[in-house]
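So the protein lines, in turn, are chains R and C. By the numbering used here, the letter at position 553 of the first sequence is numbered 606, and the numbering carries on one by one without gaps. By the numbering used here, the letter at position 19 of the second sequence is numbered 15, and the numbering carries on one by one without gaps. Yeah, the Cβ is synthetic: ideal placement off N, Cα and C, and Gly gets one too. Keep in mind that this is a model prediction, so the values were computed, not measured.
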Amino acid sequence: MMKKSIMLLLILSMVLSVFLIGCSPSDEPVDTPPVDGTEDPVEDPGDDVPGPPSEPTGQLIIGNSTELSGDWIPHFQNNAAEADIYIATGGVSGGYPTVAMTPAGEYLVNETVVESYETIENEDGSKTYIWNIKDNLVYDDGSPITAKDYVGQMLLWSSDVVLAMGANGNQGDRLVGYGDFSSGTTKEFTGVRILDEYSFSLTIAPEYLPYYYELPLVSAIPEKLSFWTEGIEVVDDGNGAYFTGDFTVEAQEKHIDNARRAIPRPSTGPYVLTSYDEASKTAVLNVNENFVGDYTGQKPLIQTIIYKLVNAETVMDELATGGIDLLLQSASGPEINAGLDLVEQGGFSYTTFPRAGYGKLVFGGDIGPTQFIEVRQALAYLLDRNDFAKAFTGGYGSVVHGPYGEAHWFYQETRAELNEKLNPYPYSLENAVELLEEGGWVYDANGNDYTSGIRHKKLDDGTLMPLVIEWASSGNEVSELLTVKLVENPDLAEAGIQINETVMTFAEVLNYMERNSVEDPKYGVPTYGMFNLASNFTPVYDRAFYDQYGHGYNTTYLDNAELAALGQSIALSDAEDKEGFKQKFVDYITLWNEQLPELPLYSNIYHDFYNDKLVGFEDTPFARVIPQLVHCYVTE
Amino acid sequence: MAKYFAKRVLYMVFVFCVLSVLLFFLFNMIPGDPAAMELAAVKESITPEQYAQRYAQLRDQMGLDDPLIIRYVKWFSNMITGDFGMSHVYKQPVLDVVKVPLRNTVFINVFVVIICLIITIPLGIFCAVKKNSLFDKVVQVFTVIGYSMPKFIIALLCIYLFAVKNNWFPVSGMNSPNFQGTGFALFKDTMHHLFLPLLVIILGSLGGITRYVRAAMIDALSMDYIKTARAKGLKERIVIFSHAWRNALLPVITLIISWFMTIFSGSLIVERMFNLHGMGKFYIDALNRQDFNVAIAIQMFYIVIALFGNLITDLSYGIVDPRVRVNS
């Protein structure tokens, strides 16, 4: 009996201790390291925001809705949050690229890195960039960066070894000799040369020239080869750079796999990844003391940046309680309203920018009624897209009329012209009916003149095609709204159109849209004429393949040679021909807007909410968060 | 007993094999192309030729072009040696990626199970003994509320009250970001973060078990042998704990053992609300991302747990109730 009592007492005291520990005040944990620069907090910041500190100070927690996986490089298909950490530690344009990208998505030579450069137009039509880099660049551990580090990166991530391991292996895919090098046919990458300790050259293959986005093709970043491989050196005997040593999958796979997840890892960016907690999916970045600056020469002023996982349900509570300091890209109406309420209460600010992308309807351009332009246009007239966008985005969205983002510089500079030329397809049953009649949809099911019900069209072989559109839907929120605003719209039936929705998984929607017969022969059979999904744009606006019939990127299967040619011509402009680029863009968008292979539905206005302690924050659809934060500081 | 045990183990192996076939074929019938899904994120950044090459390579690496039966044989023979394949999302062996969420889930559930049983069993017994008293009625009302209120709502209420309004606990996470402490300081920080999730799970679980224990005890207390025991003049405590509770234990033991088995299973809603990297969310994420190697490995693990749970339950009947002992 005594034993039982003691046992009960022990258990109760354990429960009590757990409770008491849990109830302890939520003060800063005693073992959390003090943050530099917080000894003299600003007692009453009021409207006077202190100026930027002379040294990095403070801490910023970024709320991140995508789980980190712990694989810190994007070559093996990682998500956006990991890409941010990759950029923070020197990846892409985050550290010492020869070519930097501005927040507006424009490319320029990085003068912090490049001492001088030279271009040579070769006789075979190729073009060589000779980069002379500065001799003051170092990794975070102080070891020097030379031309071999830039060339090594290009070789490593173009090699057959990483390709065999499942990486993209497309780092230098537009350079001379890439095909032979990446397939393992030659050991030298002929388009990549080491010229001296601080000079190297990259040669763009003639088949990719002229190209408006020429600079990104010759952008290179340094990579510490000794971190990724063992016993490998990069040399050049005059025929192109190559690796010495046992550079095979068998010899290097383990090193590369380990390096993908290793912490600490070399950094050439503004921050060093210092820790990652798998249990809470939290990554901690600390300032790289040896970073010489971004393309403007700016060094980071925030000492510590933390990536913390958040979810949609409680993310605003996290912001309100100080669990996070910065929340990026809020898109839903309720979330934005909650954020604006916080801003109104004080202590928080926000910034907005238009999404470079949109939710859309994709039409099957070679199947059923949607293969006819009049049907696609009639559907556009029968959906009030302004109303749809307002309902879906909670009022924080807009409608675009072609494949562009409102933040694209070429759209902004041609907006007035496009406004005149583009058809916004205002809601109109009359216009829809008129178009259908012009398109020959004037029969009923018996071949008599149409009076009511579903319209039919007499095809060349004399058969009647009903105006019934099969819609492959993933049953998401957009689908539900489309059902209300389009499928169940009485005017749709009035116009003689019927849409049949089939709900399936998103993976199946993609399979049917892309006609992925490898997965299952049934997907290869054109079945659906309408799909709903979304797409985004990168700063490189290259529409070369999206309208080429039979090409994998043309998921609309619309066969319009003129549209395909215009799409292809845009990026094939000379890099200096800005006006020509803009004119081709306008011509392409105008025809696209008429042909309507897709119908843009909504484009979000993203909101970033942040604690007032963050000063100087701005965002754009193309900017990555860490390069933006390099220009900010925190007041604590 | 040994023969019975051996028969049960053989039965478990048979059930495990049959379920492995069913699950493998079911998972492979789910529409979607894992290779295409994996490449979707980079489709815009590589050329169509590179895409086609990578797609073919990925299908080959994933073994998607093999006949289903071949894929099953390969998968099963690897699985029984402990090789569950690679996670297509994490690009790591499945066993490696499951470790952390499983550890988190077990850590959380150990507290939940112990605290729940400590509260519910005495409470259920007390309510049965004091049946229809004011206390019993109050407990019944609250258990019905706790039983029927979704955990999602309880979680939101707790977050609002204890995190947003009073700032006593953090909204989510398992530790303070950038926490540097070790040992007790780390444990304290973890418990500070886990208090709300534990509270939500416990509040959501109390009702059902309390009512179950109460019902079992009421049945036991109504038996003739209880009247006999009381008539013999035994102390009420002995009547309740030695006579009634021992007999009420038989139905309750199934519940208790199944509860111990839930130590390994996560709570999707609570994990999602509090951003805990546990098995519930991990499993659903694996399904959503078509990371089938992970999903099927978790499912097979739960099958093993369930089979062992049944075995332990059956064996424990014999311990609790001599009438159902196999030897006798």
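DSSP three-state label for residue i, please.
| i | result |
| --- | --- |
| Val5 (chain C) | helix |
| Gln681 (chain R) | helix |
| Met213 (chain C) | helix |
| Phe129 (chain R) | helix |
| Trp71 (chain C) | helix |
| Asp502 (chain R) | strand |
| Lys240 (chain R) | coil |
| Asp289 (chain R) | strand |
| Leu62 (chain R) | Bear in mind that a pLDDT of 49 at Leu62 (chain R), under 50, signals an unreliable position, so the model cannot answer this. |
| Phe296 (chain R) | strand |
| Asp185 (chain C) | helix |
Name the DSSP bridge partner or partners of residue i?
| i | result |
| --- | --- |
| Asp661 (chain R) | R:Thr404 |
| Tyr251 (chain R) | For Tyr251 (chain R), which the question treats as bridged, DSSP gives no partner whatsoever. |
| Gln46 (chain C) | Per DSSP, none; premise fails for Gln46 (chain C). |
| His509 (chain R) | R:Tyr496, R:Pro519 |
| Phe416 (chain R) | R:Met583 |
| Ile236 (chain C) | Beta-bridge pairing links Ile236 (chain C) to no other residue. |
| Pro653 (chain R) | R:Lys413 |
| Ser169 (chain R) | R:Asn185 |
| Lys277 (chain R) | Paired residue(s): none; Lys277 (chain R) is not in a bridge. |
Would you tell me roughly how many angstroms separate the C-alpha atoms of residue i and residue j, rounded to the nearest one?
| i | j | result |
| --- | --- | --- |
| Ile552 (chain R) | Ala293 (chain C) | 41 Å |
| Pro263 (chain R) | Glu176 (chain R) | 14 Å |
| Val166 (chain R) | Asn339 (chain R) | 22 Å |
| Asn117 (chain R) | Ile150 (chain C) | 24 Å |
| Gly28 (chain C) | Gly274 (chain C) | 26 Å |
| Ser402 (chain R) | Leu379 (chain R) | 10 Å |
| Val96 (chain C) | Ala332 (chain R) | 6 Å |
| Arg227 (chain R) | Ala617 (chain R) | 22 Å |
| Thr558 (chain R) | Ser527 (chain R) | 5 Å |
| Ile186 (chain R) | Thr335 (chain R) | 35 Å |
| His454 (chain R) | Asn484 (chain R) | 18 Å |
| Thr643 (chain R) | Glu286 (chain R) | 52 Å |
| Gly142 (chain C) | Asn223 (chain R) | 56 Å |
| Leu326 (chain R) | Leu113 (chain R) | 14 Å |
| Ile301 (chain C) | Leu121 (chain R) | 29 Å |
| Met583 (chain R) | Val639 (chain R) | 26 Å |
| Glu388 (chain R) | Val85 (chain C) | 28 Å |
| Phe131 (chain C) | Ser218 (chain C) | 20 Å |
| Glu530 (chain R) | Phe138 (chain C) | 36 Å |
| Asp79 (chain C) | Glu567 (chain R) | 34 Å |
| Thr321 (chain R) | Lys666 (chain R) | 27 Å |
| Gly493 (chain R) | Glu260 (chain R) | 44 Å |
| Leu563 (chain R) | Gly605 (chain R) | 12 Å |
| Thr555 (chain R) | Ser532 (chain R) | 10 Å |
| Gly204 (chain C) | Phe129 (chain R) | 47 Å |
Alpha carbons only, please: which of the options is nearest the one belonging to residue i?
| i | options | result |
| --- | --- | --- |
| Val288 (chain R) | R:Ile115, R:Asp513, R:Lys510, R:Leu208 | R:Leu208 |
| Val683 (chain R) | R:Leu535, R:Ile507, R:Ile358, R:Tyr464 | R:Ile358 |
| Gly144 (chain R) | R:Thr688, R:Tyr686, R:Asp394, R:Arg677 | R:Arg677 |
| Glu561 (chain R) | C:Ala302, C:Gln286, C:Met296, C:Thr309 | C:Gln286 |
| Leu113 (chain C) | C:Asn243, C:Met25, C:Lys277, C:Leu199 | C:Leu199 |
| Asp595 (chain R) | R:Tyr266, R:Glu523, R:Ser451, R:Tyr434 | R:Tyr266 |
| Tyr599 (chain R) | R:Ser570, R:Tyr641, R:Tyr576 | R:Tyr641 |
| Tyr324 (chain R) | R:Ala312, R:Lys575, R:Pro109 | R:Pro109 |
| Asp437 (chain R) | R:Pro156, R:Trp494, R:Leu534 | R:Leu534 |
| Arg340 (chain C) | C:Gln46, C:Leu60, C:Val93, C:Thr116 | In this structure chain C extends from -3 to 324, so residue 340 (chain C) is not present and cannot be described. |
| Val428 (chain R) | R:Val452, R:Asp544, R:Leu520, R:Tyr231 | R:Leu520 |
Hey, would you say the C-beta of residue i is under 8 Å away from at least one heavy atom of the ligand FAD?
| i | result |
| --- | --- |
| Gln57 (chain C) | With respect to small molecules bound, the structure shown includes none, and the ligand FAD cannot be examined in it. |
For the putative contact between residue i and residue j, defined by C-beta atoms under 8 Å, what is the C-beta separation to the nearest angstrom?
| i | j | result |
| --- | --- | --- |
| Trp125 (chain R) | Ile140 (chain R) | About 11 Å separates the two Cβ atoms, so there is no contact after all. |
| Asp194 (chain R) | Pro319 (chain R) | 7 Å |
| Ala681 (chain R) | Pro317 (chain R) | Sequence check: residue 681 (chain R) is Gln here, not Ala. Between Pro317 (chain R) and Gln681 (chain R) the Cβ distance is about 25 Å, and since that is not below 8 Å, they are no contact. |
| Val204 (chain R) | Ile247 (chain R) | 5 Å |
| Val290 (chain C) | Val17 (chain C) | About 19 Å; that fails the 8 Å criterion. |
| Val162 (chain R) | Pro269 (chain R) | Going by Cβ atoms, the distance from Val162 (chain R) to Pro269 (chain R) rounds to 12 Å, so no, they are not a contact pair. |
| Leu307 (chain C) | Arg4 (chain C) | 5 Å |
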